[in-house]
Amino acid sequence: MKIENDLLLRVARGEKVERPPVWLMRQAGRILPQYRELRASVAGFKALVSNPALAAEVTLQPVDELDVDAAIIFSDILVIPEAMGLDYDMVEKRGPLFPRTVQTAADLADLRSGATAAQHLEYVYEALRLTKAQLQNRIPLIGFAGAPWTIFAYMVEGSGSKTFSKAKKLLYTQPALAHELLQKITDTTIAYLRLKRQAGADILQVFDSWAGILSPAQYREFALPYLRQIRTALADDLLILFARGAAHAWPALAEMGANVVGLDWNITAPAARQLLGPEQVVQGNLDPCALYAQEADIQHLTTTMLNDFGGHQIANLGHGVYPDTPLDNVRCFVETVKNYRYSS
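Just add 1 to the spot in the sequence shown (first one is 1) and you have my numbering.
Here it is, written out as structure tokens:
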């Protein structure tokens, strides 16, 4: 059945549209009072993620509240290591914590991978099916996963980090082991994203949140080959690739066939176009902190961004919306984009 508002899908295919589509990374979350109320009623973040009915409800909240052009399933990138057999806790005000990490070949041998691991995430697929049914084909539904390097970083480090020095140490000291782990993560991610598509996702996004902590040489060795495998395996699917803090890698993402290259806020539109060309579809790249500004400033900054890119763009922030962002300011950003029109 045709999606009523398929603007995002048309842009991702490179089609000419009347205005840019808009959604926000982390749009389902603490900017919404209804999310905070629901979150307070369950025993922890993971309890919310693993409950399909509640995950579907949270996914739909920003659709109804903000009238965005896409929904993104409420989940977490760290369901992948959990499915592989590496459990984690989500500690309030601290973030993810892994009681056990991967440091040796024996640790690696204990992990599941591929379709065997991906089958452990039925609650995610059920959340997608429920969300798809409740959306009633109003707008597209985005499914996502973390990039292999970013997932690797958490599985080796054991928590969030400013440097991920333990994870990077493994790249230098045990590169063969690192590649084996990255391959297992990649195999699992491919199977996971395929099942997400089968469950109703209309477009997929891969987040490489920690791309920027690798040197260009390391990114070429330990990240790009695995992203390329994902793109090849999902050749028939629309795919957004977002490597935060790694502008040096964006041309390679485009060359491997990313329908959309996600941009952070640390680059100007002219510089991005010089890297990627005028026809490459991009996503981003307003600074999330711009949404703390006055509404007139938000309107000006947003319109300037849209003018500067000149089309072939999905309007978004350069990273996720921050939880203390005023809801009215988020609404101002969305409405500014929706009122924008490309000149004929």
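Even glycine gets a Cβ: it sits at the ideal position worked out from N, Cα and C.
This structure is a prediction, so every number in the text was calculated from the model and none was measured.
(request) Leaving aside the five residues before and after Ile214 along the sequence, list all residues of the same chain whose C-beta is less than 6 Å from its C-beta, in chain order. (result) As a first step, residue 214 must be located in the sequence shown, where it is residue number 213. Non-local beta-carbon contacts of Ile214 in its own chain, meaning distances under 6 Å to residues more than five positions away in sequence, involve Phe165 in chain order.
(request) Would you list the residues sitting across from Met91 in a DSSP beta bridge? (result) Locating residue 91 in the sequence shown gives position 90, counting from the first residue. Answer is Pro97, bridged to Met91.
(request) With a threshold of 16 other CB atoms inside 10 Å of the CB of Val80, please say whether the residue is buried or exposed. (result) Residue mapping note: residue 80 aligns to position 79 of the sequence shown, counting from 1. Flag for Val80 reads buried.
(request) Please look up how many angstroms separate the CB atoms of Val157 and Ala168, rounded, as I've assumed it's under 8 Å. (result) By one-based count along the sequence shown, residue 157 stands at place 156. By one-based count along the sequence shown, residue 168 stands at place 167. Contact holds; Cβ gap of about 4 Å.
(request) Could you tell me whether the Cβ atoms of Arg31 and Pro289 are closer together than 7 Å? (result) Position 30 of the sequence shown holds residue 31. Position 288 of the sequence shown holds residue 289. No, the pair does not count as a contact, with Cβ atoms beyond the cut-off.
(request) Look at the alpha carbon of Leu292 and the alpha carbon of Phe243, and state the distance between them as a whole number of angstroms. (result) Locating residue 292 in the sequence shown gives position 291, where the first residue counts as 1. Locating residue 243 in the sequence shown gives position 242, where the first residue counts as 1. Approximately 21 Å, taken between the alpha carbons.
(message) Cutting at 8 Å between CB atoms, please list the residues of its own chain near His313, excluding the five before and the five after it.
(response) One-based indexing of the sequence shown puts residue 313 at position 312. Around His313: Val12, Gly15, Pro279, Glu280, Gln281, Val282 and Val283.
(request) Please find out if some non-hydrogen atom of the ligand ZN comes closer than 6 Å to the beta-carbon of Tyr341. (result) This structure does not include the ligand ZN; it has no bound ligands of any sort.
(request) Ignoring anything shorter than 3 residues or poking outside the stretch 90 to 167, list the beta strand (DSSP E) runs there in chain order. (result) 90 to 92, 96 to 98 and 142 to 147
(request) Label Met2 either buried or exposed according to how many other C-beta atoms from any shown protein chain fall within 10 Å of its C-beta, with 16 as the threshold for buried. (result) Position 1 of the sequence shown, counted from the start, is the residue given in the question as residue 2. Classification of Met2: exposed, given that the 10 Å Cβ count is below 16.
(request) Indicate whether Ala128 and Ala57 have their beta-carbon atoms separated by less than 7 Å. (result) Along the sequence shown, one-based indexing puts residue 128 at 127. Along the sequence shown, one-based indexing puts residue 57 at 56. The answer is yes: Cβ separation under 7 Å.
(request) Quick one: residues in its chain with C-beta nearer than 8 Å to the C-beta of Asn317, no 5 flanking neighbours on either side, listed in chain order? (result) Working through the sequence shown from its first residue, we reach residue 317 at position 316. When the five nearest sequence neighbours on each side are left out, the beta carbons in the same chain lying within less than 8 Å of the beta carbon of Asn317 are those of Val23, Trp24, Leu25, Met26, Gly263, Gln284, Gly285, Asn286 and Leu287, in order along the chain.
(message) Bridge partners for Phe223 per DSSP, in chain order?
(response) As a working note, residue 223 is residue 222 in the sequence shown. DSSP lists no partner for Phe223.
(message) Please tell me whether Leu109 and Leu183 are closer than 7 Å, where the distance is taken between their beta carbons.
(response) As a first step, residue 109 is located in the sequence shown; it is residue number 108 there, counting from the start. As a first step, residue 183 is located in the sequence shown; it is residue number 182 there, counting from the start. No, these two residues do not count as a Cβ contact at 7 Å.
(message) Here's the rule: buried if 16 or more other CB atoms are within 10 angstroms of the residue's CB, otherwise exposed. What is Asn308?
(response) Translated into the one-based positions of the sequence shown, residue 308 becomes position 307. Under this definition Asn308 is an exposed residue.
(request) Going by CA-CA distance only, name the one from Leu235, Leu55, Asp298 and Thr174 that's closest to Val207. (result) Numbered from 1 along the sequence shown, position 206 holds the residue referred to as residue 207. Residue Leu235 is the option with its Cα nearest to Val207.
(message) Are the CB atoms of Tyr227 and Ala247 within a distance shorter than 7 Å?
(response) The count along the sequence shown starts at 1 and reaches residue 247 at position 246. The count along the sequence shown starts at 1 and reaches residue 227 at position 226. The beta carbons of Ala247 and Tyr227 sit no closer together than 7 Å.
(request) May I ask you to list the residues that DSSP assigns as paired with Asn286? (result) Indexing the sequence shown from 1 puts residue 286 at position 285. BP columns for Asn286 point to Asn317.
(message) Which of the three DSSP states is assigned to Ala244 in this structure?
(response) For this step, residue 244 is matched to residue 243 along the sequence shown. Strand.
(request) In angstroms with no decimal places, state the Cα-to-Cα distance between Pro100 and Gln120. (result) Here the question's residue 100 lines up with position 99 in the sequence shown. Here the question's residue 120 lines up with position 119 in the sequence shown. Near 23 Å, if we compare the C-alpha coordinates of Gln120 and Pro100.
(request) Rounded to whole angstroms, what's the CA-CA distance from Asp77 to Val322? Just pull it up for me. (result) For the purposes of this step, residue 77 is taken as the residue at position 76 of the sequence shown. For the purposes of this step, residue 322 is taken as the residue at position 321 of the sequence shown. The alpha-carbon atoms of Asp77 and Val322 are separated by roughly 15 Å.
(request) Let me know the secondary structure DSSP gives Val23 once reduced to three states. (result) Here the question's residue 23 lines up with position 22 in the sequence shown. In the structure shown, Val23 sits in a strand (DSSP, three-state: E or B).
(request) Tell whether a beta-carbon distance below 7 Å holds between Tyr124 and Ser42. (result) The count along the sequence shown starts at 1 and reaches residue 124 at position 123. The count along the sequence shown starts at 1 and reaches residue 42 at position 41. Going by C-beta atoms, Tyr124 is not nearer than 7 Å to Ser42.
(message) Beta-carbon within less than 7 Å of Ser114's beta-carbon, same chain only, minus the 5 sequence neighbours each way: which residues are those?
(response) Position 113 of the sequence shown, counted from the start, is the residue given in the question as residue 114. Here the set comprises Met85, Lys185, Asp188 and Thr189.
(request) For Gln1, write down the residues that DSSP places opposite it in a beta bridge. (result) As displayed, the chain neither begins before 2 nor continues past 345, which places residue 1 out of reach and without an answer.
(message) My assumption, with CB atoms under 8 Å, is that Trp251 sits in contact with Leu225. Please give the rounded CB distance.
(response) The residue given as residue 251 occupies position 250 in the sequence shown. The residue given as residue 225 occupies position 224 in the sequence shown. That pair is no contact at about 11 Å.
(request) Given a cut-off of 7 Å, decide if Phe223 and Leu302 are closer than it, judged by their beta-carbon atoms. (result) Here the question's residue 302 lines up with position 301 in the sequence shown. Here the question's residue 223 lines up with position 222 in the sequence shown. It is not a contact, given that the beta carbons lie outside the stated cut-off.
(message) What does the alpha-carbon distance come out to for the pair Glu296 and Tyr341?
(response) Translated into the one-based positions of the sequence shown, residue 296 becomes position 295. Translated into the one-based positions of the sequence shown, residue 341 becomes position 340. If I take the Cα positions, the gap works out to 16 Å.
(request) Could you pull out every residue in the same chain whose Cβ sits closer than 8 Å to the Cβ of Ile4, ignoring the five residues on either side in sequence? (result) Indexing the sequence shown from 1 puts residue 4 at position 3. Here the set comprises Leu10, Asn138, Arg139, Ile140, Pro141 and Asp203.
(message) Looking only at its chain, what residues have a beta carbon closer than 6 Å to the beta carbon of Pro217, apart from the 5 residues adjacent to it on each side?
(response) Taking the first residue of the sequence shown as 1, we reach residue 217 at position 216. The residues are His249.
(request) Could you spell out where the alpha helix (DSSP H) holding Val338 opens and where it closes? (result) In the sequence shown, counting from the first residue as 1, residue 338 sits at position 337. Start and end: Leu328 to Asn340.
(request) Along the alpha helix (DSSP H) that carries Val80, what are the first and last residues, could you check? (result) Taking the first residue of the sequence shown as 1, we reach residue 80 at position 79. Judged by DSSP secondary structure, Val80 falls within the alpha helix (DSSP H) whose first and last residues are Val80 to Met85.
(message) Quick check on the burial criterion: 16 or more other C-beta atoms within 10 angstroms. Buried or exposed for Asp88?
(response) Locating residue 88 in the sequence shown gives position 87, where the first residue counts as 1. Asp88 is exposed by the Cβ-count criterion.
(message) Quick check on the burial criterion: 16 or more other C-beta atoms within 10 angstroms. Buried or exposed for Thr305?
(response) In the sequence shown, residue 305 corresponds to position 304, counting from 1. Thr305 should be labelled exposed.
(message) Can you look up Gly263 in the DSSP assignment and give me helix, strand or coil?
(response) Start at 1 with the first residue of the sequence shown, and residue 263 comes out as number 262. Residue state, collapsed to three classes: strand.
(message) Please classify Glu256 as buried or exposed, where buried requires at least 16 neighbouring CB atoms within 10 angstroms.
(response) Taking the first residue of the sequence shown as 1, we reach residue 256 at position 255. Result: exposed.
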